[in-house]
Each structure stands twice: as structure tokens, then as C-alpha cells.
Amino acid sequence: MNTKISILLLIVALFVSAPVFATTVTLDGPWYTGSGSGTPSLSDPNAASFTWGTPNSTETANSSHLWSYFADQGLYEDGDSITLSFTVTPADATATGGTLRFGLFDSNDLQVLNNLNQATGDDGFLETLGYFSQCNQGSETNTSYLFARTEGKTNELSSTSLVEQVTSGDGFPRLTVGTPYDVTLTVTRNSATEYLVTSTINGAVVGGTTATINATSFDMVGFLNAGTGIESMELANLQVTAEKVPFITGQPEDVSALEGDPASLTVTAVNPTTGDATGLSYQWYRGLNGDTTTPVGADSATYTIPSVTIADEGSYYCIVTLTGNGQAESQAAALTVKRLLVHWPLDGNPNDPAGDYDGIEYGDPNYTTGGGGLIGEAIVLDGVDDRIEYTFAQQTEMPQFTVTFWAQTSDPDQSDSTSLFNNGDGASVSNFQIDMSGTGDYDYTGGYASGTFGAAETDTWILLGVTYDGTTTRLYADGQLVDSAGDQPNNRFDRFCVGVNRGTSRYFQGIIDDFRVYNYALTNVDMALVYTDVMGGEICAQSPAYDLNDDCRVNLHDFAILTAQWLECGRVPAEACDQ
Numbered sequence: 004m005n006t007k008i009s010i011l012l013l014i015v016a017l018f019v020s021a022p023v024f025a026t027t028v029t030l031d032g033p034w035y036t037g038s039g040s041g042t043p044s045l046s047d048p049n050a051a052s053f054t055w056g057t058p059n060s061t062e063t064a065n066s067s068h069l070w071s072y073f074a075d076q077g078l079y080e081d082g083d084s085i086t087l088s089f090t091v092t093p094a095d096a097t098a099t100g101g102t103l104r105f106g107l108f109d110s111n112d113l114q115v116l117n118n119l120n121q122a123t124g125d126d127g128f129l130e131t132l133g134y135f136s137q138c139n140q141g142s143e144t145n146t147s148y149l150f151a152r153t154e155g156k157t158n159e160l161s162s163t164s165l166v167e168q169v170t171s172g173d174g175f176p177r178l179t180v181g182t183p184y185d186v187t188l189t190v191t192r193n194s195a196t197e198y199l200v201t202s203t204i205n206g207a208v209v210g211g212t213t214a215t216i217n218a219t220s221f222d223m224v225g226f227l228n229a230g231t232g233i234e235s236m237e238l239a240n241l242q243v244t245a246e247k248v249p250f251i252t253g254q255p256e257d258v259s260a261l262e263g264d265p266a267s268l269t270v271t272a273v274n275p276t277t278g279d280a281t282g283l284s285y286q287w288y289r290g291l292n293g294d295t296t297t298p299v300g301a302d303s304a305t306y307t308i309p310s311v312t313i314a315d316e317g318s319y320y321c322i323v324t325l326t327g328n329g330q331a332e333s334q335a336a337a338l339t340v341k342r343l344l345v346h347w348p349l350d351g352n353p354n355d356p357a358g359d360y361d362g363i364e365y366g367d368p369n370y371t372t373g374g375g376g377l378i379g380e381a382i383v384l385d386g387v388d389d390r391i392e393y394t395f396a397q398q399t400e401m402p403q404f405t406v407t408f409w410a411q412t413s414d415p416d417q418s419d420s421t422s423l424f425n426n427g428d429g430a431s432v433s434n435f436q437i438d439m440s441g442t443g444d445y446d447y448t449g450g451y452a453s454g455t456f457g458a459a460e461t462d463t464w465i466l467l468g469v470t471y472d473g474t475t476t477r478l479y480a481d482g483q484l485v486d487s488a489g490d491q492p493n494n495r496f497d498r499f500c501v502g503v504n505r506g507t508s509r510y511f512q513g514i515i516d517d518f519r520v521y522n523y524a525l526t527n528v529d530m531a532l533v534y535t536d537v538m539g540g541e542i543c544a545q546s547p548a549y550d551l552n553d554d555c556r557v558n559l560h561d562f563a564i565l566t567a568q569w570l571e572c573g574r575v576p577a578e579a580c581d582q
């Protein structure tokens with residue numbers, strides 16, 4: 004006799020910021036069974052137990068099956084998740100084969116309710132999500148093993164087979180008679196055609212795959228004792244855990260701010276039921292994903308720091324909770340405090356008063372005395388073996404940066420690739436050097452692009468600068484933009500090295516002063532000020548669009564140039580100018 008049952012719809016999650024509550028629902032249909040087994044007794048889902056007997060010899064491989072429905076709890080919206088969990092206990096470990104198949108199903112794919120294995124176009128249970136099997140391995144007999152997998156079939160949740168739980172030398176852990184194995188299968192809807200499938204055995208994750216399918220909802224749960232090798236297997240503790248989780252539509256983005264300025268991070272999420280933010284709460288955390296030791300901010304989709312300090316620098320993410328249901332975790336975003344990262348004044352040593360990047364001298368460099376540098380003193384490089392270097396413990400990628408220094412060459416025609424600065428050892432295409440062209444110019448040579456700063460002159464100071472804003476590399480000479488070096492980043496730093504090329508073979512002969520590295524891209528105006536703060540005077544940081552006389556401003560002189568050509572016409576024929 005068919006029995007209508009109630010099972011707990013559990014949303015099992017423990018988070019720091021907010022509890023998640025369990026909800027009780029009722030399965031709309033009774034448990035149905037196929038041939039070879041009796042009606043199961045599952046009146047109490049927390050203690051439910053159903054034991055398959057030995058299939059008789061006249062039955063097909065798909066001999067015993069069990070299923071039911073859970074209407075209105077399917078995967079209908081993006082972000083919905085269903086977890087199928089059960090405990091299975093093998094009663095006979097001498098079987099030579101057999102599989103307990105389990106999964107979630109779309110009833111629209113099935114022709115009739117009482118014959119589940121007659122699905123449209125395929126065996127209904129071959130559209131299953133997982134296998135829990137005992138089987139013979141190799142030449143061994145009378146030995147059973149355990150594994151779980153998802154297998155690709157038409158309209159199912161996986162397109163790639165995953166044979167999992169490989170923890171012993173002969174492939175899979177051996178089954179122990181009478182030992183319960185707790186199995187879970189979780190399906191999360193990412194979109195109408197993409198679902199994430201994961202599974203566990205005794206709490207250990209044994210598989211995960213993203214699958215593309217045609218079905219748009221799942222409203223059935225089913226089991227199948229497939230194959231005569233399973234002599235007896237007990238199914239218990241059957242639960243369906245379903246939850247709706249917020250769907251994150253906009254991730255926090257990396258942000259940079261000057262010390263003392265405000266900075267904000269924002270996450271955008273929607274309630275999959277209402278399509279808006281109704282019922283959502285927010286908790287921000289400082290740290291990488293999964294680190295909940297440092298909660299920050301209020302219950303808001305935006306976390307704002309009114310006045311950032313260096314102590315605020317780091318990663319932040321947000322957990323969004325749908326009250327009474329599940330949670331979604333945003334990606335982590337980085338907050339960077341814009342600042343002068345490295346400063347070598349080069350006043351008699353390569354020390355860094357701005358931070359923790361003291362350079363190390365190689366060779367035997369000298370320093371000017373008596374104010375012989377452009378700003379105080381400067382380092383004098385002999386072109387033989389002199390250099391200054393700070394080396395990172397491991398390669399460091401800088402999302403943005405600026406490198407500036409003053410240089411004076413002793414010989415404008417130093418050989419090609421003789422370098423004033425480099426940020427790597429040459430093994431990576433993602434680094435660069437500032438070098439001599441061999442034909443009288445200062446050049447930029449990167450792994451992905453190159454450019455030029457302009458002519459080098461003997462014993463003449465020049466301010467050289469490189470910026471990268473996350474998209475474009477720009478070159479500056481004496482505070483003015485002179486070239487760009489493409490959109491491929493050369494932003495991976497192995498070192499800060501002054502005086503030699505990336506191959507540590509071609510040394511610069513000349514003077515270097517006031518070496519600086521910023522952790523962000525200076526603007527055209529910023530670069531102009533670096534120059535004028537030392538040299539005085541004025542320069543054009545950026546020419547306005549309607550500067551017709553090239554004096555870096557738009558005024559009546561430009562208007563006069565425009566009006567001097569007022570009503571002039573170049574159309575042909577001449578009558579066209581009368582229109």
C-alpha cells in the first residue's frame with residue numbers, strides 16, 4: 004500500500020553572522036517501487052530503513068527501484084540547491100558486482116510513474132547522478148569495494164565520468180559488512196542549463212563537475228538496485244535538503260585609494276524568488292574566502308571605509324544570506340592603499356626610508372659628494388659591475404605601478420640593452436627594462452612590447468618614468484607622456500634592480516638619482532609635478548582638445564584662430580556652400 008510521508012527539508016549551515024532555519028515540507032506523492040522489492044517503510048525519515056532482498060533470476064538488471072516526488076521544491080531558480088543524503092549499509096560483502104544508483108529526476112522526462120525505467124528516449128535511471136557500488140576488483144574474488152561517481156547521459160547532470168574515492172592501492176576502499184556509509188549528492192543550479200554536481204562519502208568530497216543539461220527542474224528522487232550482485236543492501240536516513248540561496252549578480256571589484264581617502268566595496272545579489280534584494284542580509288569579512296575571523300562593516304551591500312590607512316590594506320568578501328534559506332559567498336576583492344612603495348634617495352647608500360625595500364650594493368659603486376646629485380647626492384655607476392638590487396622572495400605581480408628616477412648618461416651610445424633599470428631576471432616575458440638603444444636613445448624593452456623615451460644627451464639629467472594602470476603601459480620623459488608600450492602587462496617583479504639589464508650582463512655607465520616605485524599608476528599631472536617639483540618652471544601635462552595654438556590652454560587666442568576661418572567653405576560645387 005502506498006504511504007504518503009513527510010520528510011524534513013533541512014538547510015544545514017552554520018555561519019558566524021546568521022543562523023539558517025530548517026523547513027518542513029511534505030512529499031506530494033507516495034513512495035513508488037518497481038519489481039523485485041516490497042513497499043518500503045519510511046514513515047520516519049530520520050530512522051527510515053528499506054532493505055532490498057535478493058533479486059530473483061527472472062528479473063532484469065534494473066530489478067528494484069524506489070522513487071517519490073517533492074513538488075515545489077525543485078531547482079527552478081538560479082542559485083537553488085538540493086542535497087540528497089542517505090545511509091547505505093552492505094549486508095553481504097561477497098558480491099561480485101552490482102550498483103545502487105541514485106539521483107534527482109525531472110518527471111517530465113518519464114512516460115509513466117509506475118515504470119521508472121521506461122523514460123523517454125532512455126532508461127530513466129540511466130539519467131541518474133551517482134553510483135554507490137560494491138564490486139569485484141581485478142583477480143580478487145568475494146571482495147567488495149565502494150565508489151561513487153557521476154556519469155554522462157542524455158539530459159542528465161554530468162557530461163564527464165568521475166570515478167572517485169581512490170584511497171587504496173587496489174583502486175577503492177573495501178566495504179565492511181554492517182558498516183554504514185553516509186552518502187550525499189548536491190546539485191546547485193547555476194543557470195537554466197548549467198548545474199554544479201558534488202558528492203561526498205562519509206563527509207569526504209569525492210567528486211564535483213559542472214554539467215550542461217536540457218532539463219529545467221527536478222522534482223523526483225529515486226534509487227535503483229541495478230544488477231544481481233548486490234545480495235542485500237539497507238537504505239536508511241533518507242533526507243532531501245533543499246534551499247534557495249541568493250544569486251550574486253555583481254562581484255566586489257579591486258579598489259585603490261590614497262591614504263585618508265574613502266574606499267568602498269559593493270556586492271550585488273538578488274533573492275531568486277522575488278528577483279530583487281528582498282530578504283537579503285549582508286556580512287563583510289576581511290580576509291580571503293572562508294576566513295570568518297574578522298567580520299567588518301554593517302548589514303549592507305556596500306562596505307565603506309571613510310578614511311583608509313595602510314592597516315586597512317588587504318582582501319575583503321561578503322556573505323549574503325537569504326533569511327530562512329541559504330547563503331552565497333562573493334569573490335574576494337583587494338583594497339590597496341596608494342602610496343610610495345619604494346624610495347632610494349641614493350644619498351650615500353641604497354636605503355629605503357619609505358618602507359622595507361633597502362637595496363644591496365654589488366660591485367663598488369660610488370656616490371657624489373657635496374650635493375653633486377640632482378637632489379642631494381646620487382649613485383655613480385662605472386658600467387663594469389656596479390648595481391643596486393632588492394630581490395623578492397618570490398615573483399610578485401603588481402596590478403598597477405609607477406617607476407621613476409633621474410638619470411644622466413656618460414655615453415649616449417652605450418651598447419644596445421645596457422640598462423638603467425630592470426624588474427626581472429629575463430626568464431619571464433612579463434618583466435621589462437629601461438635601457439639604451441645603442442643609437443643614442445633611452446628605450447623601454449618589455450616581454451610583450453617596447454617603446455622609446457627619446458634622445459640621450461651626455462651629462463644631461465632626464466626624468467624617466469613608466470606607469471601601468473592595469474590596462475596600458477605609458478612612458479614619460481621629463482614629466483611628459485611620450486609613448487605607450489601596448490596593453491600586455493609587464494608587471495611581474497622579481498626585483499628592483501638599478502644599473503644593469505635583465506641578463507645581468509650589460510651595465511650602465513652614468514649617474515642615477517632619486518629612484519621611486521609607487522604601487523599605483525601616477526596620472527599625467529602627477530608625473531608633471533614630479534618633474535616641476537625638482538626642476539621648477541612649467542610644462543604641459545596634457546594638451547586640451549581645443550588648444551589650437553599649442554600653448555596647453557584654451558582661451559581667446561584659440562577662439563581668434565577659429566573665427567579667422569569663420570564661414571570658409573571647401574565644398575564642391577561652390578553652390579553647395581550656400582546651403
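Using our numbering, the first residue of the sequence shown is number 4, and each one after it goes up by one.
We treat Cβ as the ideally placed atom computed from N, Cα and C, and that holds for glycine.
Everything numeric in this text was worked out from a predicted model, so none of it was measured.
Quick one, are the C-beta atoms of residue 422 and residue 503 less than 8 angstroms apart? With respect to residue 503, residue 422 sits close: the two C-beta atoms are nearer than 8 angstroms.
Does the distance from the C-beta atom of residue 340 to that of residue 358 stay below 8 angstroms? The criterion of a C-beta distance shorter than 8 angstroms is not satisfied by residue 340 and residue 358.
Report the option in 194, 203, 199 whose CA atom is closest to the CA atom of residue 187. Check the Cα spacing between residue 187 and each of 194, 203, 199: the tightest is with 203.
Using C-beta distances below 8 angstroms, list every residue in its chain close to residue 553, excluding the 5 sequence neighbours before and after it, in chain order. Excluding sequence positions up to five before and after residue 553, its CB lies within less than 8 angstroms of the CB of 546, all in the same chain and listed in chain order.
May I have a chain-ordered list of the beta strand (DSSP E) segments no shorter than 3 residues that lie completely inside the region 349–401? Counting only runs of 3 or more, we get 363–365, 382–385, 390–400.
Determine the burial state of residue 562: buried for a count of at least 16 other Cβ atoms within 10 Å of its Cβ, exposed for fewer. Within a 10 Å sphere around the beta-carbon of residue 562 sit fewer than 16 other beta-carbons, which makes this residue exposed.
Stretch-stretch touch, CB-based, cutoff 8 angstroms, three pairs: the region 509–516 with the region 466–475: No: the two stretches stay apart, fewer than three of their Cβ pairs being nearer than 8 angstroms.
Integer-rounded CB distance, given that residue 351 should sit under 8 angstroms from residue 320: Incorrect: roughly 46 angstroms between the Cβ atoms, too far for contact.
When you compare only the Cα positions, how much space is there between residue 456 and residue 479? Approximately 7 angstroms between the Cα atoms of the pair.
Boundaries of the alpha helix (DSSP H) in which residue 562 is found, first to last residue: DSSP places residue 562 in the uninterrupted alpha helix (DSSP H) bounded by 559–566.
Taking DSSP's pairing of strands, which residues face residue 438 in a bridge? DSSP output for residue 438 lists 422, 446 as bridge partner(s).
Do the region 481–489 and the region 304–316 touch if we need at least three Cβ pairs shorter than 8 angstroms? Too few Cβ pairs lie closer than 8 angstroms, so no.
Quick one: Cα of residue 289 to Cα of residue 199, how far? One C-alpha to the other measures close to 27 angstroms.
Return the chain-ordered list of same chain residues with a C-beta closer than 8 angstroms to the C-beta of residue 299, the five sequence neighbours on each side being excluded. Correct list, in chain order: 287, 288, 289, 306, 319.
For residue 481, the three-state DSSP class (helix, strand or coil): In this structure, residue 481 counts as coil in the three-state DSSP scheme.
Identify, in the order they occur along the chain, each residue of the same chain with its Cβ nearer than 7 angstroms to the Cβ of residue 578, setting aside the five sequence neighbours on each side. Non-local beta-carbon contacts of residue 578 in its own chain, meaning distances under 7 angstroms to residues more than five positions away in sequence, are absent.
Answer with buried or exposed for residue 580, where buried requires no fewer than 16 other C-beta atoms within 10 angstroms of its C-beta. The residue is exposed, with fewer than 16 neighbouring Cβ atoms inside 10 Å.
Could you check whether the region 244–264 touches the region 324–336, counting it as contact only if at least three pairs of C-beta atoms, one from each stretch, sit closer than 8 angstroms? Look at the beta carbons and you see the region 244–264 touching the region 324–336: at least three pairs across the two are nearer than 8 angstroms.
Boundaries of the alpha helix (DSSP H) in which residue 535 is found, first to last residue: Run containing residue 535: 527–538, per the alpha helix (DSSP H) assignment.
Figure out for me which residue from 451, 505, 509 has the closest Cα to the Cα of residue 492. Closest option to residue 492, judged by alpha-carbon separation, among 451, 505, 509: 451.
Put residue 321 into one of helix, strand or coil per three-state DSSP. It is a strand residue.
I need the straight-line Cα distance from residue 279 to residue 271, nearest angstrom please. Going by the C-alpha atoms only, they are around 10 angstroms apart.
What residues in its chain sit with their C-beta under 7 angstroms from that of residue 549, if we drop five residues either side in the sequence? Once the five neighbours on either side are set aside, the close Cβ partners of residue 549 are 557, 561.
Quick check on residue 578: does DSSP put it in helix, strand or coil? Helix, per DSSP.
Boundaries of the beta strand (DSSP E) in which residue 452 is found, first to last residue: No beta strand (DSSP E) contains residue 452, which DSSP labels as neither H nor E.
Proximity of residue 264 and residue 337 at Cβ, strictly below 8 angstroms: Cβ distance not < 8 angstroms, so residue 264 and residue 337 don't count as in contact.
What does the alpha-carbon distance come out to for the pair residue 285 and residue 255? Spanning the two alpha carbons is a distance of roughly 13 angstroms.
I'd like the span of the beta strand (DSSP E) that includes residue 513, first residue to last. Residues 512–521.
Where DSSP assigns a beta bridge to residue 286, which residues make up the other side? Residue 286 is bridged to 322.
Whole-Å CB distance - residue 424 paired with residue 522, under 8 angstroms assumed: Going by Cβ atoms, the distance from residue 424 to residue 522 rounds to 17 angstroms, so no, they are not a contact pair.
Could you spell out where the beta strand (DSSP E) holding residue 497 opens and where it closes? Element bounds for residue 497: 495–501.
Who are the Cβ neighbours of residue 413 in its own chain at under 6 angstroms, not counting the five residues just before and after it? Excluding positions up to five away in sequence, the list reads 512, 513.
What did DSSP end up calling residue 542 once you bin it into helix, strand or coil? Residue 542 falls in the coil class under three-state DSSP.
By the 10 Å Cβ neighbour count, where 16 or more other Cβ atoms means buried, how is residue 438 classified, buried or exposed? Label assigned to residue 438: buried.
Residue 486, DSSP secondary structure in three states: If DSSP states are grouped into helix, strand and coil, residue 486 belongs with the strands.
Using a Cβ-Cβ cut-off of 6 angstroms (strictly less than) and excluding sequence neighbours within five positions of residue 291, which residues of its own chain qualify? Scanning its chain for C-beta atoms nearer than 6 angstroms, with the 5 sequence neighbours on each side dropped, one finds around residue 291 the residues 318, 335, in chain order.
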